[in-house]
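Novice: Read top to bottom, the protein sequences are chains A and B.
Each residue of the first sequence is one higher than the last, beginning at 5 in our numbering.
Each residue of the second sequence is one higher than the last, beginning at 5 in our numbering.
By construction, the Cβ of each residue, glycine as well, lies at the ideal position given by its N, Cα and C atoms.
Quick one: the structure is below, and I'll ask about it shortly.
2 protein chains.
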Amino acid sequence: MAPSGNPLGIVARRLARAVSFTAVDQGAIERLPVVTRILEASRDIIYEDNSSAHCCVILDGWTCCYQLLANGRRQILSFHVPGDLPDLQSLYLPSPDFGMATVTRASVAFVPHTHLRRLAQQSPAMAQAFWREVVVTAATHRAWITSLGRRDARQKVAHLFCELYLRLEAASLAGDHIMPMPLRQNDLADALGLTSVHMNRVLRNMRTEGLFDLRSRRLKIRDWAALASAAEFNPQYLHLGN
Amino acid sequence: MAPSGNPLGIVARRLARAVSFTAVDQGAIERLPVVTRILEASRDIIYEDNSSAHCCVILDGWTCCYQLLANGRRQILSFHVPGDLPDLQSLYLPSPDFGMATVTRASVAFVPHTHLRRLAQQSPAMAQAFWREVVVTAATHRAWITSLGRRDARQKVAHLFCELYLRLEAASLAGDHIMPMPLRQNDLADALGLTSVHMNRVLRNMRTEGLFDLRSRRLKIRDWAALASAAEFNPQYLHLGN
DNA sequence: CGCAAACTTGATGGCCGTCAAGCAAAGTGG
DNA sequence: CCACTTTGCTTGACGGCCATCAAGTTTGCG
Chain A
5 MAPSGNPLGI VARRLARAVS FTAVDQGAIE RLPVVTRILE ASRDIIYEDN
55 SSAHCCVILD GWTCCYQLLA NGRRQILSFH VPGDLPDLQS LYLPSPDFGM
105 ATVTRASVAF VPHTHLRRLA QQSPAMAQAF WREVVVTAAT HRAWITSLGR
155 RDARQKVAHL FCELYLRLEA ASLAGDHIMP MPLRQNDLAD ALGLTSVHMN
205 RVLRNMRTEG LFDLRSRRLK IRDWAALASA AEFNPQYLHL GN
Chain B
5 MAPSGNPLGI VARRLARAVS FTAVDQGAIE RLPVVTRILE ASRDIIYEDN
55 SSAHCCVILD GWTCCYQLLA NGRRQILSFH VPGDLPDLQS LYLPSPDFGM
105 ATVTRASVAF VPHTHLRRLA QQSPAMAQAF WREVVVTAAT HRAWITSLGR
155 RDARQKVAHL FCELYLRLEA ASLAGDHIMP MPLRQNDLAD ALGLTSVHMN
205 RVLRNMRTEG LFDLRSRRLK IRDWAALASA AEFNPQYLHL GN
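Structural data, given as C-alpha cells:
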C-alpha cells in the first residue's frame with residue numbers, strides 16, 4: 005500500500021478502515037486546509053491562536069493526552085500514533101478537559117472545526133466516521149478504567165502492550181510482534197497508575213519470564229498468547245476490523 | 005418545573021439542557037416508540053430480542069455500566085440516574101464492550117436505533133445533542149481514569165461523591181447538599197477499584213472527620229468545600245451549565 | 001420473628017510507594 | 001575524541017496503603 009503523498013492521506017485511510025468513502029469524500033479530506041507543525045519530544049501541544057477551534061491530527065510520532073493533579077502527579081489518558089485524532093471530541097463541545105503532549109518528536113496537523121463540521125454535514129459517511137472515532141475512544145477509556153481499577157501491575161503492562169501492538173499493526177507501523185516503543189518507563193508508569201520504580205521492576209520480571217524483549221526503543225513480544233492471557237485481552241473494543 | 009406526563013419528557017428536558025430544541029424536536033422525542041420495563045435491583049439490563057438495536061433510557065432509579073474479569077472481579081465504569089442514556093454510543097457502532105445493570109429497582113425505556121437515527125438526520129439540534137452526550141460520557145471516563153490511577157481511596161470517594169451530587173442536582177434529584185445514595189459499599193468499591201472492607205474504613209474516617217453523613221441510603225455532605233478540595237474536584241467536565 | 005444481605009471490626013500480609021544511591025546512555029561542547 | 005551534563009534505567013531498604021481472611025453485628029424485609 006503506497007501511502008498517498010498528501011499529508012492527510014493517513015487520516016483518510018484511517019477513517020476508511022470502517023466506513024466506505026466515495027472518491028469525493030476521500031478528496032475532501034485531503035483538501036482540508038491544515039497547518040502542520042513539527043514538535044520536539046515532551047512538548048505540550050497547544051493551539052497557537054488560543055481559540056482551540058481546531059482538531060489535531062497526528063501525522064508522525066507518538067503523543068499522549070493527560071491530566072495533572074495538584075501534587076504534580078500526572079495521569080496519562082491515552083496514547084496516540086500516526087492517523088489518530090486525539091481531540092476530535094472538541095468538534096461540537098470545546099473546552100478540553102485534558103492536555104496533549106508529544107512523546108517523541110512529532111508532526112502534528114491542525115484542522116479548523118469549521119471545515120470538519122462542513123464535511124460532516126455534507127457527507128453521512130463522514131459524520132459516521134467521526135462518530136465512530138469518538139465512540140472507539142470512549143471504549144478505549146473504559147478498557148483503561150478496568151485496567152486501572154482491577155488489574156495488578158503485571159496485568160496492566162500486558163494489557164497496554166497488547167493494545168498498542170494491535171493499533172500499530174493496524175496502522176502498518178508494526179508486525180511480527182515487533183513494534184517501536186518510544187515510551188519511557190516514566191510514561192508507562194503515568195499511564196498505568198504506578199511509579200517508575202515499580203514499573204522498572206515489573207518490566208524486568210516480565211522480560212525475565214520471556215514474555216517480551218524491550219530495549220533500545222523496540223518491543224518484541226516473544227509470547228503473544230501468554231501476554232494476552234495475562235491481560236485477559238479482548239481486542240474487540242478497538243474495532244480494528246480483522 | 006412541572007415534569008411533563010410523557011415518560012420521555014425527562015430525556016427531552018435533559019437534552020434541552022445544552023441544546024435549543026424546537027417544539028417539533030421536543031414533540032418528536034416524546035413520540036418515540038418505547039418499551040418500558042421495571043427491573044428489580046441488581047439485575048442485568050438485557051435486550052430481549054438480542055438484536056441490541058436499541059438504546060436505553062433511565063426513567064427512574066439508578067443503574068451502572070460494568071466490566072467483569074475472569075477472577076470474578078467487577079469494575080464499574082459509570083453510574084446512571086434518571087434522564088441518562090447509558091448506551092447512546094451504540095447508535096452507530098453496536099457491539100457493546102460492557103454490561104449494564106440496575107443498582108436500585110429501576111424503570112428503563114428501550115428506544116429503537118432506527119427512530120433515533122431518523123431524529124438525528126432530521127434535526128441538527130438533535131444530532132448535536134447526541135454527540136454532546138457521548139462526548140460528556142467520554143470526559144467522565146477520563147475523570148475516572150485519573151481518579152483510579154492517581155488518587156488514594158479517600159480522594160476517590162470525595163471525587164465520586166462530588167460528581168454524583170452535581171449530576172443529581174442538575175436533574176433536580178438533590179439539593180442542599182443532600183442526595184439519595186442507594187450505592188452499597190460494595191458498589192462504591194467496585195467503582196473505585198477498592199475492596200468493600202477498605203471502603204468501609206475510609207467511609208468511617210471521612211464520616212468521623214465531619215465531611216458527610218451517610219446512613220439509610222442518604223448522603224448529606226456537611227462540608228462541600230473540604231470534600232471538593234480533597235478531591236481536587238473541577239466540575240467543568242460534567243458540562244452541566246452554570 | 002427469622003433469614004439474608006449489608007455493614008463493621010480485627011489481625012495479618014503483600015503489592016507497590018518512597019527515599020536514596022549508583023549506573024548507563026545519549027547528547028554537548030571544547 | 002573525550003570531559004561533562006542530562007536523562008533515563010536499575011537496584012536496595014523500608015514503610016504504608018490497601019487486600020485478604022475471618023469473625024461478629026446491624027439492617028432490612030417477608
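Just to check my reading of the structure: LEU95 (chain B) and LEU120 (chain B) have Cβ atoms closer than 8 Å, yes? What is that Cβ distance to the nearest angstrom?
Specialist: 6 Å
Novice: To the nearest angstrom, report how far apart ALA230 (chain A) and GLU236 (chain A) are at their CA atoms.
Specialist: A straight line joining the alpha-carbon of ALA230 (chain A) with that of GLU236 (chain A) spans about 10 Å.
Novice: Is it buried or exposed, SER262 (chain A), if we count other Cβ atoms within 10 angstroms and call 16 or more buried?
Specialist: The structure shown does not extend to residue 262 (chain A), since chain A is modelled only from 5 through 246, so no value can be given for it.
Novice: Can you list the residues of chain B that HIS117 (chain A) reaches, using a CB-CB cut of under 8 Å?
Specialist: None at all; the shortest Cβ gap to chain B is about 13 Å.
Novice: Would GLN189 (chain B) count as contacting chain A if we go by Cβ distances under 7 Å?
Specialist: no
Novice: May I ask you to report which of helix, strand or coil DSSP gives TYR70 (chain A)?
Specialist: strand
Novice: Alpha carbon to alpha carbon, how far is ASN209 (chain B) from LEU196 (chain A)?
Specialist: Approximately 28 Å, taken between the alpha carbons.
Novice: Between MET5 (chain B) and chain A, is there a C-beta pair that is closer than 7 Å?
Specialist: Only weak support is given to the placement of MET5 (chain B): the predicted model assigns it a pLDDT of 43, under 50, and the value that follows is read from those uncertain coordinates. No, MET5 (chain B) does not count as interfacial toward chain A.
Novice: Considering only the beta carbon of each residue, do THR67 (chain B) and VAL115 (chain B) sit closer than 7 Å?
Specialist: no
Novice: Go ahead and pull the three-state DSSP assignment for LEU198 (chain A).
Specialist: coil
Novice: Listed from N- to C-terminal order along the chain, which residues in the stretch 153-181 of chain B have their beta-carbon within a distance smaller than 7 Å of any beta-carbon of chain A?
Specialist: GLY153, ARG154
Novice: Under 8 Å by Cβ, that's how I've got HIS145 (chain B) and ALA142 (chain A) pegged, so tell me the actual separation to the nearest angstrom.
Specialist: 6 Å
Novice: Going along the chain, which residues of the stretch 203-219 of chain A sit with their C-beta nearer than 9 Å to a C-beta in chain B?
Specialist: none
Novice: Rounded to a whole number of angstroms, what is the C-alpha to C-alpha distance between MET5 (chain A) and LEU89 (chain A)?
Specialist: Low confidence applies to MET5 (chain A): its pLDDT is 43, below 50, so where it sits in the model is not reliable, and the reading given next is rough at best. A direct Cα-Cα distance of roughly 22 Å separates MET5 (chain A) from LEU89 (chain A).
Novice: Could you tell me the alpha carbon to alpha carbon distance between ARG35 (chain A) and PRO100 (chain A), rounded to whole angstroms?
Specialist: 26 Å
Novice: Compare the beta carbon distance of THR251 (chain B) and GLN71 (chain A) with 7 Å and say whether it is the shorter of the two.
Specialist: Past the edges of chain B, shown from 5 to 246, lies residue 251 (chain B), and the structure says nothing about it.
Novice: List, in chain order, every chain A residue whose beta-carbon is nearer than 7 Å to that of LEU81 (chain B).
Specialist: ARG146, ILE149
Novice: With 7 Å as the limit, tell me which residues of the stretch 46-80 of chain B have their beta carbon closer than that to any beta carbon of chain A; keep them in chain order.
Specialist: Flagged, chain order: GLN71, LEU73, ALA74, ARG77, GLN79.
Novice: Tell me the rounded alpha-carbon separation between ILE42 (chain A) and ARG109 (chain A).
Specialist: 7 Å
Novice: Does THR141 (chain B) come out as helix, strand or coil in the three-state DSSP assignment?
Specialist: helix
Novice: Can you find a CB in chain B that lies within less than 7 Å of the CB of ALA142 (chain A)?
Specialist: So yes, ALA142 (chain A) belongs to the interface.
Novice: Measuring alpha carbon to alpha carbon, tell me which of B:TYR51, B:ALA57, B:LEU97, B:ALA16 ends up nearest MET104 (chain B).
Specialist: B:TYR51
Novice: Could you tell me the distance, in whole angstroms, from the CA atom of ASN10 (chain A) to the CA atom of VAL139 (chain B)?
Specialist: Taking C-alpha positions only, ASN10 (chain A) is separated from VAL139 (chain B) by approximately 30 Å.
Novice: For TRP161 (chain A), which beta-bridge partners are listed by DSSP?
Specialist: The sequence shown places Val at residue 161 (chain A), not Trp. According to DSSP, VAL161 (chain A) bridges with nothing at all.
Novice: What does SER82 (chain B) pair with, by DSSP beta-bridge criteria?
Specialist: Answer is B:CYS69, bridged to SER82 (chain B).
Novice: Using a beta-carbon distance below 7 Å, is GLU236 (chain A) in contact with chain B?
Specialist: yes
Novice: Given that HIS84 (chain A) touches chain B, what residues does it touch there, using C-beta distances under 7 Å?
Specialist: Among the residues of chain B, none has a CB under 7 Å from the CB of HIS84 (chain A); the nearest is roughly 14 Å distant.
Novice: Closer than 8 Å by beta-carbon distance: list the chain A residues that pair up with LEU97 (chain B), in chain order.
Specialist: Within chain A, the residues whose beta carbon sits less than 8 Å from that of LEU97 (chain B) are TRP135, ARG136, VAL139, VAL140, HIS243, listed in sequence order.
Novice: For ASP194 (chain A) versus ILE80 (chain A), is the C-beta spacing smaller than 7 Å?
Specialist: yes
Novice: Check the Cβ-Cβ distances between GLN258 (chain B) and every residue of chain A, and say whether any is below 7 Å.
Specialist: It is not possible to answer for residue 258 (chain B), since the shown part of chain B is limited to 5 through 246.
Novice: Got a sec? Which residues, its chain only, sit under 8 Å from ARG211 (chain A) by beta carbon, not counting five neighbours each side?
Specialist: ASP217, LEU218
Novice: Would you give the residue range spanned by the beta strand (DSSP E) that ILE42 (chain A) belongs to?
Specialist: In the DSSP assignment, ILE42 (chain A) falls within the unbroken beta strand (DSSP E) covering 39-43.
Novice: Should PRO86 (chain A) go down as buried or exposed, given a rule of 16 or more other Cβ atoms within 10 Å for buried?
Specialist: buried
Novice: Roughly how many whole angstroms lie between the Cα atoms of LEU207 (chain A) and LEU152 (chain B)?
Specialist: 21 Å
Novice: Just the C-alpha distance for THR26 (chain A) and GLY65 (chain A), rounded to the nearest angstrom, thanks.
Specialist: 29 Å
Novice: Give the straight-line distance between the Cα atoms of TRP228 (chain B) and ARG188 (chain B), rounded to the nearest whole angstrom.
Specialist: 22 Å
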